[in-house]
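Residue numbers (this note's numbering), protein chains in the order written: chain L, 763 to 972; chain S, 763 to 972.
Where a beta carbon is used, it is the ideal one built from N, C-alpha and C, also for glycine.
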DNA sequence: TCATTTTGTGAACACCGTTCACTTTGATGT
DNA sequence: ACATCAAAGTGAACGGTGTTCACAAAATGA
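Now the structure itself:
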């Protein structure tokens, strides 16, 4: 039952975004009354939070898989950053909504703890790991503060994901077509981000054009 | 009258975000009936769009002021990127809402044209200008595709702004305090972004720590 | 079979954006 | 000063939302 509700919600959410997702809509979808849902979930927010958390679980999983591959560091790092954005954009509504929630002004200890083991933060932890590894192995500049650098990297990836989430065809929307596919643009962006960290980034190949 | 409505809306919007902004709330604020507002604005969306557009107008203005200063290119570029984020974060609700609107799937010519001279896109154009100038003056790598690079830069800035908008105390929230103030972190981020574009970025000073 | 607990419902509440027939207001023309 | 007419403003309603609560139905256990 709980599954059926979450499935229906997931379906509607993916198709029509958080705006199109209403308790009554879900109730229709599973042929129950709206009130029935409250026997299984305390509120709409709780239900939606579960969807978001599950979605970020899949992002986390995906990034983890990449990071665990036995490839040389530079390609692993690249794939990891690009992978975060790619996976995020498999469900743009989910990704945008996962951040569009309330401004976190609540700094109570329990909220902070709850946040600390959210999949969102775990995914960020993977990024931190990559940055740290890059610094320790000498690929990245040794004077970078790892934690802050990871946050900066995360912000850059987040920004691209949000751009795509809000402007369906982001890179082509504002000016003339760039000739880059979506994936190519993500690679391009990831390359620029990594280049900003590299100790000796002046390699001759143009970044990520393939 | 129109002014009074917009003022009240602006006030509520800034304080409580788009969620707390309702027609009835505005009506209360100005001691009119909800229906009265529809004599001056076609819909809530239209009203809110005006607020967003005005807000981005202020961002545009701010970035323009910086870009027009007669400072050496590197500091102008830095100030410009950091300025975008700073100005955006003067009204975090505005900034987040300006992008959180509907996913733009509508590619009709008139919508596209309307979008083309939105202040949002004009602000982006300023960034494009900076990037182009950097490439032409030899500060940035000559093989960068200007338009795509500008979009990547924009995405990175956008991401940081969104992070701050959603997590009030972003850089300190997830791990231990970084010791950087908000402004310092923004500078740090802007420096990394610029560094990713520089032709010979290996200067010895640590980026933006001040 | 009876009692109890779980599961589902219908109606309601308070809120939302929006519309529409209506009254009030104020200015204009004579 | 009076009539006229458009503009400004309103109250009530419609359909939508999340949520609650007293109640009915069904399943469970003895």
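Beta carbon of residue i nearer than 8 Å to that of residue j
i	j	result
residue 901/L	residue 838/L	no
residue 908/S	residue 890/S	yes
residue 817/S	residue 809/S	no
residue 892/S	residue 848/S	no
residue 948/S	residue 844/S	yes
residue 888/S	residue 829/S	yes
residue 814/S	residue 785/S	no
residue 821/S	residue 850/S	yes
Residue burial classification, residue i (beta-carbon count within 10 angstroms, cutoff 16)
i	result
residue 882/L	buried
residue 800/S	exposed
residue 859/L	buried
residue 941/L	exposed
residue 764/S	exposed
residue 911/S	buried
residue 831/L	exposed
residue 874/L	exposed
Rounded C-alpha distance that separates residue i from residue j
i	j	result
residue 904/L	residue 824/L	28 Å
residue 957/S	residue 958/L	5 Å
residue 966/L	residue 819/S	Confidence at residue 966/L is low in this model, with a pLDDT of 37, below 50, so its placement is unreliable and no value can be given for it.
residue 781/S	residue 862/S	12 Å
residue 856/L	residue 833/S	43 Å
residue 932/S	residue 897/L	23 Å
residue 952/S	residue 877/S	26 Å
residue 884/S	residue 771/L	38 Å
residue 928/L	residue 895/L	33 Å
residue 846/S	residue 812/S	20 Å
residue 946/S	residue 795/L	52 Å
residue 775/L	residue 792/L	14 Å
residue 779/L	residue 944/L	21 Å
residue 930/L	residue 783/L	20 Å
residue 840/S	residue 950/L	21 Å
residue 1022/S	residue 787/L	Past the edges of chain S, shown from 763 to 972, lies residue 1022/S, and the structure says nothing about it.
residue 899/L	residue 880/L	29 Å
residue 871/L	residue 768/L	29 Å
residue 826/L	residue 934/L	31 Å
residue 777/L	residue 886/L	27 Å
residue 836/L	residue 773/L	37 Å
residue 852/S	residue 913/L	21 Å
residue 766/L	residue 766/S	48 Å
message = If contact is defined by three or more beta carbon pairs under 8 Å, each pair taking one atom from either stretch, is the segment 907-920 of chain L in contact with the segment 915-931 of chain S?
response = The segment 915-931 of chain S makes contact with the segment 907-920 of chain L, as at least three CB pairs between them are under 8 Å.
Runs of alpha helix (DSSP H) lying entirely within the segment 797-876 of chain L, each at least 4 residues, in chain order = Whole alpha helix (DSSP H) segments, 4+ residues: 806-830, 835-850 and 854-862.
inquiry  = I'd like the ranges of any alpha helix (DSSP H) spanning at least 4 consecutive residues and lying wholly in the segment 904-928 of chain L.
reply    = Secondary structure remark: continuous alpha helix (DSSP H) runs of at least 4 residues inside the segment 904-928 of chain L, in chain order: 908-928.
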